[in-house]
Amino acid sequence: SQKIEQNSEALNIQEGKTATLTCNYTNYSPAYLQWYRQDPGRGPVFLLLIRENEKEKRKERLKVTFDTTLKQSLFHITASQPADSATYLCALQQQAGTALIFGKGTTLSVSS
Amino acid sequence: DAGVIQSPRHEVTEMGQEVTLRCKPISGHNSLFWYRQTMMRGLELLIYFNNNVPIDDSGMPEDRFSAKMPNASFSTLKIQPSEPRDSAVYFCASSFRTPIEAFFGQGTRLTVV
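Each protein sequence line maps, in turn, to chains A and B.
4 is the number that our numbering gives to position 4 of the first sequence; each next residue is one higher, with no gaps.
Count along the second sequence from 1, add 1000, and you get the number used in our numbering.
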């Protein structure tokens, strides 16, 4: 069956450290992989997109990697801050013209 | 632009009643999605419209659920009759390009008692 698994439901780290979140998928061949941020009581907000032929993408303190052999994406937040505390969702798009399928998310808590 | 607008924000209804959720996508966006989010199942795709036409409705749980998009600026998700297990947060999202960059509304929290 098709699955998208995010490594853990919750991740607690100290301010200034690097947070690393994992997204593994089974029985998908996504052309695109995305990461979204969701704050309590709000809808998800797009952060980064990476294509199947790209290994790594960066945006400010964020970095995403995509390994189609391992069927895994890693999402890094460097120099983390309490304001980074939120739930982060991984989403796959199989190909153009198909919808996004989401993982359940990992809740990140950054303590000062 | 005000973003994706959903109404109502909260809905409490009794089992067996009809519920209609509404969505106004961002102007110019040609794709619209309805998702349902629960703690147990996460964010599940219910239906995907492109240019007002349903493309993928495989996520619609059963015949009690129906969705329409009569024009590019409005969509509805209807549940009739509603059941307690339908309690969830329902999100509408829109996009204007491929690959999709989805813009989500604030969601409708539905409680069926």
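From the three backbone atoms N, C-alpha and C, an ideal C-beta is built for every residue, glycine too.
Chain A partners of residue i, CB-CB under 8 angstroms?
{"i": "Tyr1090/B", "result": "What Tyr1090/B touches in chain A: nothing, since even the nearest Cβ is about 11 angstroms away."}
{"i": "Asp1056/B", "result": "Thr98, Ala99"}
{"i": "Phe1065/B", "result": "The contacting residues do not exist; Phe1065/B stays about 16 angstroms from chain A at best."}
{"i": "Leu1021/B", "result": "Correct list: empty, because the minimum Cβ distance to chain A is about 14 angstroms."}
Starting from residue i, find everything on chain B with Cβ-Cβ shorter than 8 angstroms and list it in chain order.
{"i": "Tyr32/A", "result": "Pro1099, Ile1100"}
Given that residue i touches chain A, what residues does it touch there, using C-beta distances under 9 angstroms?
{"i": "Gln1106/B", "result": "Gly41, Arg42, Gly43"}
{"i": "Phe1033/B", "result": "Ala99, Leu100"}
{"i": "Leu1045/B", "result": "Ala99, Leu100, Ile101, Phe102"}
Can you say whether residue i is buried or exposed, counting buried as having 16 or more other CB atoms within 10 angstroms of its CB?
{"i": "Thr1108/B", "result": "buried"}
{"i": "Ser80/A", "result": "buried"}
{"i": "Arg1036/B", "result": "buried"}
{"i": "Ala114/A", "result": "Lying outside 1 to 112, the shown extent of chain A, residue 114/A is not represented and no answer is given."}
{"i": "Arg37/A", "result": "buried"}
{"i": "Thr69/A", "result": "exposed"}
{"i": "Asp1086/B", "result": "buried"}
{"i": "Gly43/A", "result": "buried"}
{"i": "Pro1008/B", "result": "exposed"}
{"i": "Ser111/A", "result": "exposed"}
{"i": "Gly103/A", "result": "buried"}
{"i": "Met1040/B", "result": "exposed"}
{"i": "Gly1058/B", "result": "The question names Gly, but residue 1058/B in the sequence shown is Ser. The residue in question, Ser1058/B, is exposed, as its Cβ has fewer than 16 Cβ neighbours within 10 Å."}
{"i": "Val1004/B", "result": "buried"}
Considering only C-alpha positions, which residue in the set the options is nearest to residue i?
{"i": "Gln1080/B", "options": "Phe1065/B, Phe1074/B, Ser1087/B", "result": "Phe1065/B"}
{"i": "Thr20/A", "options": "Thr26/A, Asn27/A, Ala10/A, Ala96/A", "result": "Ala10/A"}
{"i": "Val1112/B", "options": "Ile1047/B, Val1012/B, Thr1038/B, Pro1025/B", "result": "Val1012/B"}
{"i": "Pro1025/B", "options": "His1010/B, Pro1099/B, Phe1049/B", "result": "Phe1049/B"}
{"i": "Phe46/A", "options": "Thr68/A, Cys90/A, Pro40/A, Lys104/A", "result": "Cys90/A"}
{"i": "Cys1023/B", "options": "Pro1070/B, Thr1076/B, Tyr1090/B", "result": "Thr1076/B"}
{"i": "Ile1047/B", "options": "Phe1033/B, Ser1095/B, Gly1016/B", "result": "Phe1033/B"}
{"i": "Thr1020/B", "options": "Arg1097/B, Pro1099/B, Ser1082/B", "result": "Ser1082/B"}
{"i": "Tyr32/A", "options": "Ser8/A, Asn53/A, Thr87/A", "result": "Asn53/A"}
{"i": "Phe1091/B", "options": "Thr1098/B, Phe1104/B, Lys1068/B, Pro1070/B", "result": "Phe1104/B"}
Using three-state DSSP, classify residue i as helix, strand or coil.
{"i": "Arg58/A", "result": "strand"}
{"i": "Ala10/A", "result": "strand"}
{"i": "Glu1085/B", "result": "Correcting the residue type first, residue 1085/B is Arg in the shown sequence and not Glu. Helix."}
{"i": "Ala86/A", "result": "strand"}
{"i": "Ile1055/B", "result": "strand"}
{"i": "Ala79/A", "result": "coil"}
{"i": "Asn1071/B", "result": "strand"}
{"i": "Asp67/A", "result": "strand"}
{"i": "Lys1024/B", "result": "strand"}
Who are residue i's beta bridge partners in DSSP?
{"i": "Glu5/A", "result": "Asn24/A"}
{"i": "Val1112/B", "result": "Thr1013/B"}
{"i": "Val1004/B", "result": "DSSP lists no partner for Val1004/B."}
{"i": "Ile1100/B", "result": "Per DSSP, none; premise fails for Ile1100/B."}
{"i": "Gln95/A", "result": "According to DSSP, Gln95/A bridges with nothing at all."}
What does residue i reach in chain B if we use C-beta pairs closer than 7 angstroms?
{"i": "Lys104/A", "result": "Gly1042"}
{"i": "Gln93/A", "result": "Pro1099, Ile1100"}
{"i": "Leu108/A", "result": "By Cβ distance, chain B contributes nothing, its closest Cβ being about 16 angstroms from Leu108/A, past 7 angstroms."}
{"i": "Phe46/A", "result": "Glu1101, Ala1102"}
Please confirm whether any heavy atom of the ligand GDP lies closer than 7 angstroms to the CB of residue i.
{"i": "Ser112/A", "result": "Absence of the ligand GDP from the depicted structure is noted, as is the absence of any ligand whatsoever, leaving it without description."}
Starting from residue i, find everything on chain B with Cβ-Cβ shorter than 9 angstroms and list it in chain order.
{"i": "Leu89/A", "result": "Gly1042, Leu1043"}
Would you say residue i faces chain D, with C-beta separation under 8 angstroms as the test?
{"i": "Leu49/A", "result": "The structure shown contains no chain D; its protein chains are A and B."}
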